[in-house]
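Okay, structure first, notes after.
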Amino acid sequence: MANRELIVLGTASQAPTRTRNHNGYFLRWDEEGLLFDPGEGTQRQMLFAGVTASQVTRICVTHFHGDHCLGLPGVLQRMSLDQVPHPVRAYYPGVDAEMFWRLRHASLFRERLTLVEHPVDGDGVIADGPDSPGGAGGPGEVSGAGEVSGAGEVSGAHRAGRAGFRLEARALSHLVPAFGYRLVEPDGRRMLPEELVARGISGPDVGRLRQTGHLEANGRLVKLDEVSVPRRGQRFAFIMDTRLCDAAFELADGADMLVCESTFADADEGSAREWGHLTARQAGQIAAASGVRLLVLTHFSQRYETGPPERLRDEAAAAFSGEIVSAADLDRIPVPRRAG
Ligand SMILES: [Zn+2]
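Residues 234 to 573 in the working numbering are what the sequence shown spells out, letter by letter.
As structure tokens, this is what we get:
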């Protein structure tokens, strides 16, 4: 099972269909689980997908149209019912904090969840490094005590209980206040097992070398760059309801995986403009201009339910030559392996 994957809980826009639930996306990222835009029915979709309430560590809501948030009452109450032991952090447009309060307290239940709210009031970093209370934390340095697995990947951050990413938000251009989100894993270094072996370095010494940048081994000073190469951090972007805008391109910049709304087809571009949405082709344009590796299309209008299934995908492909997945409910889509 991949350590980092998108589990698609729902793919419909305004109205669900027989085959598509309202929005909902669960991103497994090492030991964190980010639930994005839980629409109506998300709790049951989680059950079908094998996602438990206790796997959720953060909830990100782009905006408060119903298809992006009406699942919150059920999901939050389920987390209380299951007595999720860890704090869960919720991010949403701060200007609509009252809307979040209403959803959180939509019906009577015994609240046993530690839910920490982080209203988002502007563009920028909203979580960084260790379980931060919301503001920008440290400079996002790479974690120290990494372990070298067979593939030579160092994966210490989550084991040490740190978020292995920085979470950012940018205001989108929709009919109501809306934010897109972006996860950025700090750049790090990939250890080269054969170089470590050649110098007789193993076990905890590897972590020490990563932390300090040098190590005395067998009477010789070894520097980190002798036994490792730069490793670019992975990036994930989540863009929901918006017109084309600069923020969409900034969110998508260099993303290994971009989840992007593509509510409308070319023929309905006028509706997209009127309702503050993207066409599939525009999603493709964002991906192409931003160097995205994998584009996941979703949030489809019910009007295409009976049409050719690949219509929206083909229109996006006319603008973007990279890999495209037209999401279906309960799809599991791995974040692409590191490019280098
Ligand atoms: Zn909307």
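All C-beta atoms, glycine included, are put in the ideal place defined by N, C-alpha and C.
9 angstroms Cβ cutoff met for residue i and residue j
i    : j    : result
E418 : F398 : yes
R322 : V349 : yes
R526 : A498 : no
A521 : G555 : yes
H510 : T496 : yes
R468 : D489 : yes
E401 : D474 : no
Y324 : C302 : no
F259 : V289 : yes
A549 : G517 : yes
V492 : I472 : yes
A561 : V241 : yes
S313 : R345 : yes
H255 : G304 : yes
L239 : I566 : yes
F412 : H296 : yes
Enclosing beta strand (DSSP E) for residue i [first to last residue]
i    : result
P352 : 348–353
G421 : 421–424
P567 : 565–567
Delimiting residues of the alpha helix (DSSP H) encompassing residue i
i    : result
S504 : 502–508
P437 : 437–445
P326 : Segment 321–326 is the beta strand (DSSP E) holding P326; no alpha helix (DSSP H) there.
E548 : 544–550
R337 : 330–337
L341 : First-last for L341: undefined, no H or E at that position.
F281 : 275–282
Q310 : 305–314
For residue i, the residue or residues it bridges with in DSSP
i    : result
D361 : R399
S559 : L530
R453 : A450
R261 : E238, G266
H255 : A245
Y414 : A402, F471
I292 : L268, A323
Min CB distance residue i to chain D below 9 angstroms
i    : result
D438 : Any reference to chain D falls outside this structure, which holds one protein chain only.
TODO: Please specify which runs of the alpha helix (DSSP H), each continuous and at least 4 residues long, are wholly inside the segment 455–520, giving them in chain order.
DONE: 479–485, 502–508
Task: Stretch-stretch touch, CB-based, cutoff 8 angstroms, three pairs: the segment 430–440 with the segment 512–520 - done: no
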